[in-house]
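Encoded as C-alpha cells, the structure appears first; notes follow it.
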Amino acid sequence: MTVTTENLGSPDIEALPERDSLIVRCWNLVRRQPLGAAGLLFIAIMTVMAFGAEVLTSINPEEQMFEHMLEAPSWEFLLGTDNFGRDIWTRIIYGARTAMLVGFFAAFFGSVIGLMLGVGSAYFGGKIDLIFQRVMDIFLAFPSIIMALAVVSVLGTGLQNVIIAIMLPMIPQCARVVRSSALSIREIPYVDAARALGYSHGRIILRHMSPNVMAPFLIMFTSFVGQAILAEASLSYLGLGVQEPIPAWGLMLQGGAEEYAESAPWAAVFPGLAITFAVFAFNLFGDAVRDVLDPKLRSR
Amino acid sequence: MSVDADAGSAESGLSDEVLLTVRNLRKYFPVTEGMMIKRTVAEVKAVDGVSFEVHRGETLGLVGESGCGKSTTGRCILRLDPPSSGEILFGGVDMANLSRAELNKMRERIQVIFQDPYSSLNPRMKVGDIIGEPMKVHGLLPDADKRRERVAELLHVCGLNPAMADRYPHEMSGGQRQRVGIARALALQPEFIICDEAVSALDVSIQAQVINLLEDLREQFNLTYLFIAHDLSVVRHLCHRVAVMYLGKIVELAPADQVFDNPLHPYTQALLAAVPVPDPEIESARAHQTVKGEVPSPINPPSGCVFHPRCPKAVDGCSMSVPELRELEPGHWVACSEA
Ligand SMILES: Nc1ncnc2c1ncn2[C@@H]1O[C@H](COP(=O)(O)OP(=O)(O)O)[C@@H](O)[C@H]1O
Ligand SMILES: [Mg+2]
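So the protein lines, in turn, are chains P and S. Just so we're aligned: the first sequence equals residues 11 to 310 in my numbering. Just so we're aligned: the second sequence equals residues 2 to 340 in my numbering.
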C-alpha cells in the first residue's frame, strides 16, 4: 500500500499541559484524604517491619529466654516478654511479616482470580454468565471464616494452605463486584471494536476490559488485605492457621497470653493492638482509595 | 454524478463485482422476563428482512431515523451480533459457515468505524498501541519497529501528527480521536468499511474534514463503504447509492441523486422534507410535510406496510399486504404499492 499525502499535512501538535510533580500530588492527596494518608503511613510502617525485621531487632523471635519469662516492658524488652521468655516486640515485628505475606498474597490471588472470572462472565454473557452467577451465589452464602475453616480442615494448616483458605471466599466477592462494572464496559464500543478486529477472548478480557474495571478491583484488593490479616489472625488464634513457632499475631494471643492476661497483660495487649491497627489502617486506606477512584460507591 | 441504467456501476471506478450480499437478513432481540429462569415474552424486530448488495468501490448509504435498525444491520454483517436468519455473503463466502479462525481472517477484510470517538477507543491504551495492536494480533507486522513505522504512516495518512502515537485518547480532540478510529480500521488493510454514524458525533466543521478524509481514503485504498447515517445531507455528498430504512425494513433503494431528487416512497419524501435547507428564504417558502405520529415500536410493528399508519398516501390495502421492493425505474427500488 503506497501512501500519497497531498493535502493531508500533519497539523502541528500542541503541547500538553504539564502535570503536577509527584510531591505536589502526594501533598494534595494527604490534604484531601488525611485518614487514608494515616492508614497508608501505618501500612508503610508495617511494610518496613516486614522487610526489615532483622534490622529492627537483634533478638531471634523463636529464642526462649527462660530467665526473662513474663517480664514487663523495659528498655531491654520494649514490649515485655511472654511466658516462654520470648521478646514480644521482636515477635510483633516478625508477625508483621507473616501478616503481610498472608494478607498480600491472599488478597492478590483472591482479587485477581475474581477479576478474571467476573470480567469473563460479563464478557461471555448469556448462559455462561447466568450459571456463573448462581455458582458464585452459592459460595457467597457461606460466611468467609466458615469457608476458610472448612478449607483448612481439608487441606491442613500451614502458611500456604492458610493463604488458599483465606483467598477462596474472596474470589466470588470480587467477581461479583467486578462483574457488575464489567457488564457496562461490555457495552462500550471499544469492546465491539476489539471483537471486530478479531482479538481473542483472552486478549479482550485481559487487555481491553480488565484495565477499565481497575477502580472496583483496587477497592476490593485493599479491603481484602485488611480482611485477610484479620482472617489469618483468627485462624491462627483458633490453632488452624500459622503454626508455632512461626511468629504470628493471632498465635501470640492464645495460650500463655490468655492464661496470664491479668498478671502480664502486655503479652496479649500488644499483639491485639497490632492486629487492630493493621486492619484499621487497611480499612482507612481502602476507604480513601474508594473515595478517590469511585465517588459513587461512597455510600456503601 | 451520472445515473446509469445499472446502478452498480453508476460512476467510473465502480465495478460490477458484488462485494457484499445481504439477503433477507432478520435480527430479532428477545425481550425477556424473570430473574432466574428467563422467558421470552416478546421480540424486538430490529431488522426484518433486509436485502441489498454492495459493489466493490461503491459507497452505499443506509439512512433512517434512530432505532430503525441501521446499526443492527451493520453489527450483523460484522458478526458482532449473530443474525436471526438470512444470508450474508462477503466476496461470495457465506459468513455463517466460517470457523472462528476463518472469521478472524475475514475480519482483516471488513472493518468498522463507530459513531462515538470518545467510547470507541480504549482509554487505557496509547494511540500507537491502539493502531498497532491489530497488526500484531493478525501477525501482519511481527517486528515492533516496523509496526511503529507503519503506525506513524497510518497516523499521517489520517491527517494526524505521528507524534500523537504516544498520547492517550483523552489527550485528543473528538475529531482527532475519530481519525485514530479510522487509522485503526485501516490497520488491517480492509476492503470494506462500515461507517456507523462515523461523523454524527462531531462538530459540523470537523464533520466535513472527516468526510473528506473518508473520500480520500476510499480512492487511495480502493475502499468500499457501507455508510450508515441519519443525516441525509452527509449521505448525498458521499454515497453512490442510498438505502432508506424504516422499522427494520428497506423502503427505498436507489442511486443517491434519484433518492434525493425523485424520492418515490412516501417515507423518503417525508424524511427529505424534514431536512432543513441552508438558505432561509427557500426554507421558509418550503411546504413542510411532516410525518404524523410517532415511530411505532419494533416489538409490535404495524401489519402490512409498516409505514401505513403514518403514511399520507395510505389506502385500505396498505394494512393488509406487505409491499415488496419493486424496481420502478432502472436501479430504483421502492417498497410501496401506491408509488
Ligand atoms: N442488544 C439489543 N437488545 C435489544 N434490543 C436492541 C438491541 N440492540 C438494538 N436493539 C433495538 O433494535 C432497534 C434497532 O436498533 P439500532 O439498530 O441500534 O437502530 P439505529 O442504529 O438505526 O438507530 C431499536 O429499537 C433498539 O432498541
Ligand atoms: Mg445506530
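The beta-carbon is built from N, C-alpha and C at its ideal position, and this holds for glycine as well.
In its chain, beyond the 5 residues on either side, 48, 49, 50, 84, 85, 86, 87 have a beta carbon closer than 7 Å to the beta carbon of residue 27/S. At a threshold of 7 Å, residue 45/S counts as near ligand 1, since its beta carbon sits closer than that to one of the ligand's heavy atoms.
Taking 8 Å as the CB threshold, residue 139/P stays off the interface with chain S.
In terms of Cβ geometry, residue 285/P and residue 240/P form a close pair [threshold 8 Å]. Three or more pairs of CB atoms, one per stretch, sit closer than 8 Å, so the region 303 to 319 of chain S contacts the region 262 to 274 of chain S. The criterion of a C-beta distance shorter than 8 Å is not satisfied by residue 233/S and residue 296/S. For residue 112/S, the residues of chain P that pass the 7 Å Cβ criterion are 206, in the order they occur in the chain. Counting along the chain, residue 254/S sits inside the beta strand (DSSP E) bounded by residues 250 to 256. The Cβ atoms of residue 186/S and residue 194/S sit closer than 8 Å to each other. Interface residue (Cβ-Cβ distance to chain S less than 8 Å): residue 78/P is not classified as such.
Below the 7 Å Cβ cutoff, chain S contributes 120 as neighbours of residue 198/P, in chain order.
For residue 98/S, the nearest beta carbon of chain P is not closer than 8 Å to its own beta carbon.
Assigned with DSSP and collapsed to three states, residue 333/S falls in strand. Cβ atoms of residue 243/S and residue 255/S come within 8 Å of each other, at about 7 Å. Contact check between the region 126 to 145 of chain P and the region 110 to 117 of chain P: fewer than three CB pairs, one atom from each, fall below 8 Å, which does not count as touching. Between residue 199/S and residue 112/S, the CB-CB gap reaches or exceeds 8 Å. Scanning its chain for C-beta atoms nearer than 7 Å, with the 5 sequence neighbours on each side dropped, one finds around residue 220/P the residues 125, 129, in chain order. Beyond the five residues adjoining it in sequence on each side, residue 191/P comes within less than 6 Å, by CB distance, of 223, 226 in the same chain, given in chain order. Among the residues of chain S, those whose CB is under 8 Å from the CB of residue 26/P are 168, 172, following chain order. At a C-beta separation below 7 Å, residue 143/S has no neighbours in chain P, since its nearest C-beta there lies roughly 16 Å away. Under the DSSP assignment, residue 229/S falls in the beta strand (DSSP E) whose first and last residues are 225 to 230. In the structure shown, residue 94/S falls within a strand segment according to DSSP collapsed to helix, strand and coil.
Between residue 103/P and residue 63/P, the C-beta gap is smaller than 8 Å, which places the two residues in contact.
Comparing alpha carbon positions, the residue from 272/P, 242/P, 139/P closest to residue 177/P is 242/P. With 16 or more neighbouring CB atoms inside 10 Å of its own CB, residue 59/S falls in the buried class.
Secondary structure at residue 152/P: coil, using DSSP grouped into helix, strand and coil. Remark: the shortest separation between the CB of residue 167/P and any heavy atom of ligand 1 does not fall under 7 Å. Taken in chain order, the complete alpha helix (DSSP H) segments of 4 residues or longer contained in the region 87 to 158 of chain P are 98 to 134, 136 to 150. With a 10 Å radius around the Cβ and a threshold of 16 neighbouring Cβ atoms, residue 294/S comes out exposed. Identification of residues in the region 265 to 292 of chain P having a C-beta nearer than 8 Å to some C-beta of chain S yields an empty set. Residue range 111 to 114 is occupied by the beta strand (DSSP E) that includes residue 112/S. Residue 149/P and residue 175/P have their C-alpha atoms roughly 13 Å apart. In the DSSP assignment, the residues bridged to residue 40/S are 34/S. Judged by the Cβ position, residue 196/S fails to qualify as a neighbour of ligand 1 at the 7 Å threshold, every heavy atom of the ligand being at least this far.
Judged by DSSP in its simplified three-state form, residue 167/P adopts coil rather than helix or strand.
DSSP, read as helix, strand or coil, puts residue 217/S in helix.
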